[in-house]
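Q:
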Amino acid sequence: MNYLRQFCIILSVSFLGELLHILIPLPIPASVYGLVLMLAALCTGVLKLAQVREAADFLIEIMPVMFIPAAVGLLESWSALQAVWFPVAVITVLTTIIVMAATGRITQYLIRRDHRKKQTKGADKN
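Heads up: the sequence shown is residues 0 to 125, going by numbering that gives the first Met the number 0.
1) Could you pull out every residue in the same chain whose Cβ sits closer than 6 angstroms to the Cβ of residue 6, ignoring the five residues on either side in sequence?
2) For the putative contact between residue 44 and residue 15, defined by C-beta atoms under 8 angstroms, what is the C-beta separation to the nearest angstrom?
3) Counting only C-beta atoms, is residue 41 closer than 8 angstroms to chain C at any point?
4) Pop quiz: residue 2 and residue 85 are said to be a contact at Cβ under 8 angstroms. What is the actual Cβ separation, rounded to whole angstroms?
5) Taking Cβ to Cβ, would you say residue 8 is nearer than 8 angstroms to residue 35?
6) Please list, in chain order, all residues of the same chain as residue 91 whose beta carbon is under 8 angstroms from its beta carbon, the five residues on each side excluded.
7) Near residue 46, what residues of its chain come up, given a Cβ to Cβ distance below 6 angstroms and the 5 sequence neighbours on each side ignored?
8) Assuming residue 66 is part of the alpha helix (DSSP H), what are its boundary residues?
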């Protein structure tokens, strides 16, 4: 029953994202609205992490299964993609590398900043 309640909370936030997508005429996907709403709810304490953790973990675990329909769709439209597969593959590889590098750099920066804060707090106590 706990999973069902948590899943309903996640679905409700996703639904609110869909409503925002309809109401706000910006080219932003509804899922992004939902993610921003979920982040805001978690950061403000309106929603506690424990209220959605198990269902979210489950959804993350089965995420690879969700890509199967998209892959089948690509296979179905291979005739249209055949002419542009090389540029698409190059763009995909390059953007993946850029995103990985940027994510790594930002993560390193945040870890170092957190480490410096802890060292400063430790020095202040002495």
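Using N, Cα and C, we set each Cβ at its ideal position, and we do this for glycine too.
A: On the basis of the coordinates in this document:
1) Cβ within range, chain order: 54.
2) Your pair residue 44 and residue 15 does not check out as a contact, with CB atoms roughly 18 angstroms apart and the cut at 8 angstroms.
3) In the displayed structure, chain C is absent; only one protein chain is listed.
4) That pair is no contact at about 44 angstroms.
5) Their beta carbons are not under 8 angstroms apart, which means residue 8 does not touch residue 35 by this criterion.
6) Correct list: empty, nothing qualifies.
7) Here the set comprises 40.
8) No alpha helix (DSSP H) contains residue 66, which DSSP labels as neither H nor E.
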